[in-house]
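A short worksheet on the structure shown next.
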Amino acid sequence: MVTAAIKATAYCLNYASELGLHYGTTTYQERKAHPESPFLASLAGAVRPFDAICQYAPHLAYIGAIDTNALEALPRPHLDNPVAQAQRFGEFGEIMPEDEFLGLLDICDVFDLVWLEKGFAASVRPALESHPLLGPEQLKRLGQGREATAITEEVNQRHALPLYYHGAVVGCCRPGHDVDENLSAHVLLENLASKAGAVLALLHLIKNAGMKPDDIDFVVDCSEEAVGDINQRGGGNMAKAIAEIAGCGNASGFDLRAFCAAPVAAIITSASMVACGARKNVAVVSGGSIPKLYMNAREHVKKNVPPMENVLGCFALLLTPDDGTLPVIRLDALGKHTVAAGASPQAVTTALVWEPLQAAGLKFADVDKYAPELHDPEVTVPAGAGNVPEANFKMIAALAVMKGQGEKAAIPDFVRQHGVPGFAPTQGHIPSGVPFLGHAAKAISNGTMQRAMIIGKGSLFLGRLTNLADGASFMVEAPKPAQGSVSRQDVEAVILEVLGDLASRLKG
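Structure (structure tokens):
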């Protein structure tokens, strides 16, 4: 069995309410077409503050402040039942407030694209200096700021995008070229935000792994943003740019794009590199997507539901060689959505769940938890998209019945036993299974779980090149001791037996 180990995970959220109000796709297009829109006015008045974000149970599950079992036990809806005490930091990562995130944007900018106003830069500096993971190498990149008049001139005359905090302009993002739309301020802001979120997650990953930045030798980015200019749109390399700011001087890297299936595809690719010995310590990282902020806000406002799509989700995972102690990714039983598979729910589930189970000689019930698209249903249900995780679990349970491994009447029990509550922000690629990997690895290490399946799906038809969908899956499970190896308990037992025998001989 070919495997690679999961050494550490990290998950962070960046509160980006005002970035979403101005540059999320739904709000940006509405502002362009109808600047006096009642929808925009209503949305601005319904924005939830940072403390409320840190009391929202699904967010706390994402950063590891509570586990998914605790989340499932909490009263719902979570919007009406906030956790008593706001928590910024969790076992996996943190929820960063928006002023600090704007400062992090400046730290991650190497082309003088982000200008912060002097007073704002001075106000955010102490918070960033007190951050537990930002060191001198990062902090020296935070600028002293610019005069407000200079920022106004960039916005009014040079197509820069204003950056807001508490409704006031506190900076801008400048374009990287006069005519190349691929280097427009809007595109660059999206790229910088994704980069900054991934940097934060990578810093948490390094800390969680107990390693140094130089220990990372390869980085794979699987975000949704395309980096490049007019001559090579989407050429990359976001991964290497992230490694640079995080101080990973020994790392190289590349980007992998596959819409929402990209994180799972990136993990499989990275695990393969580790398993074959090509790379040793590979970090899979992703930042969030500004276009997805307030994506469903129109329906939320219409139904008087608090708009919650105001966080950028990001994560980082560290893959290392299998040492017989860490949770492992199996590479001998991968799911893949082939060209000929078809796009019906049954066809997708067969390709991504049934076929890898067959390859591994396992039954549906042998997987403790399935983790497909883990969208937070309190965001998707009011938007008309339904409870996405529950729909996936029901499809898996129904397929188990079709394959003779369950009863139709037991489908609800299967969903309860093998499902995971949705808790991920609607950031496209972020929900597709990977948010559960941190919880699964922890449970496997603690001995409370044997196996989980992570499932990612992608919408290739969005690119207008094919009508095909996409998907991939893998299983993470408890490690198996290397052949010929013995456990510590076995060694201790042998030592005690030898000592006992020796003591008997001495008495004789």
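Residue numbers for the sequence shown follow my numbering, beginning at 9 and rising by one.
By construction, the Cβ of each residue, glycine as well, lies at the ideal position given by its N, Cα and C atoms.
Within its chain, find whatever has a CB closer than 6 angstroms to the CB of Cys256; leave out the 5 residues flanking it on each side and keep chain order. Pro221, Ile224
Compare the C-alpha of Ala477 against each of Tyr172, Pro353, Arg96 and name the closest. Pro353
Own chain partners of Val91 with C-beta closer than 7 angstroms, once the 5 adjacent residues on each side are dropped: Gln63, Ala65, Leu68
Identify whether Ser495 lies in helix, strand or coil by the three-state DSSP scheme. Note that Ser495 has pLDDT 48, beneath the 50 cutoff, so the model's placement of it is unreliable and no number is given.
Are the stretch 338 to 345 and the stretch 361 to 368 touching, with three or more C-beta to C-beta distances below 8 angstroms? yes
Using only alpha-carbon positions, find the residue among Tyr173, Glu252, Gly243, Gly179 that is nearest to Gly203. Checking the sequence, you will find Lys at residue 203 rather than Gly. The residue with the shortest Cα to Cα distance from Lys203 is Glu252.
DSSP on Tyr172, reduced to helix/strand/coil? strand
Helix, strand or coil, according to DSSP, for Asp117 in the structure here? coil
Would Cys284 be called buried (16 or more neighbouring beta carbons within 10 Å of its own) or exposed? exposed
Within the same chain, show all residues whose beta-carbon is closer than 8 angstroms to that of Ile159, passing over the 5 residues directly before and after it, in chain order. Trp123, Glu125, Ala168, Pro170, Val177, Gly179, Cys180
Backbone CA spacing between Thr76 and Glu137 [nearest angstrom]: 33 angstroms
Measure the alpha-carbon distance for Ala355 versus Met403 and round it to whole angstroms. 10 angstroms
Tell me which residues share the same chain as Cys116 and place their Cβ nearer than 7 angstroms to its Cβ, disregarding the 5 neighbours each side in the sequence. Excluding sequence neighbours, Cys116 sits near Leu200, Lys203, Ala204, Val207, Ile253.
Pick from Glu386, Ala305, Leu407 that is closest to Gly53, judged by C-alpha positions: Ala305
Asn22 - containing beta strand (DSSP E), residue span: That run of the beta strand (DSSP E) goes 11 to 23.
Could you give the distance in angstroms between the alpha-carbon of Ala81 and the alpha-carbon of Tyr23? 26 angstroms
Is the beta carbon of Thr11 less than 8 angstroms from the beta carbon of Tyr302? no
Could you check if Val494 is buried or exposed, using at least 16 other CB atoms within 10 Å of its CB as the buried criterion? Low confidence applies to Val494: its pLDDT is 46, below 50, so where it sits in the model is not reliable, and the reading given next is rough at best. Val494 comes out exposed.
Does the distance from the C-beta atom of Cys20 to that of Cys268 stay below 8 angstroms? At least 8 angstroms separates the beta-carbon of Cys20 from that of Cys268.
Can you tell me the Cα-Cα spacing of Met483 and Ile103, whole angstroms? 28 angstroms
Buried or exposed: Gln425, going by 16 or more other Cβ atoms within 10 Å of its Cβ? Flag for Gln425 reads exposed.
Classify Val163 as helix, strand or coil using the three-state DSSP reduction. helix
Looking only at DSSP bridge pairs, what is Thr328 linked to? Ala13
Pairs of beta-carbons, one from the stretch 280 to 296 and one from the stretch 417 to 431, closer than 8 angstroms: are there three or more? Result no; under three Cβ-Cβ pairs closer than 8 angstroms.
Spell out the partners DSSP gives Ile103 in its beta bridges. In DSSP, Ile103 forms a bridge with Leu21.
Measure the alpha-carbon distance for Gly332 versus Leu48 and round it to whole angstroms. Taking the Cα positions, Gly332 is about 54 angstroms away from Leu48.
Along the chain, where does the alpha helix (DSSP H) containing Asp478 start, and where does it finish? Taken as a continuous stretch (DSSP letters only), Asp478 belongs to no alpha helix (DSSP H), being part of the beta strand (DSSP E) at 478 to 485.
C-alpha gap between Glu198 and Asn258, whole angstroms: 27 angstroms
Do you know whose CA, among Met9, Ala73, Pro43, lies nearest Ala18's CA? Ala73
Note the first and the last residue of the continuous alpha helix (DSSP H) segment covering Asp59. DSSP places Asp59 inside the alpha helix (DSSP H), whose first and last residues are 58 to 61.
So, are the CB atoms of Asp384 and Gly430 less than 8 angstroms apart? yes
Excluding sequence positions up to five away, which residues of its chain have a Cβ less than 6 angstroms from the Cβ of Thr388? Val396
Return the Cβ separation of Asp237 and Ile250 in integer angstroms, given the expectation that the two are a contact with Cβ distance under 8 angstroms. Their Cβ separation, rounded to whole angstroms, is 19 angstroms, which puts Asp237 and Ile250 out of contact at 8 angstroms.
Would Lys15 be called buried (16 or more neighbouring beta carbons within 10 Å of its own) or exposed? buried
With DSSP collapsed to three states, give me the class of Asp384. Assigned with DSSP and collapsed to three states, Asp384 falls in coil, not helix or strand.
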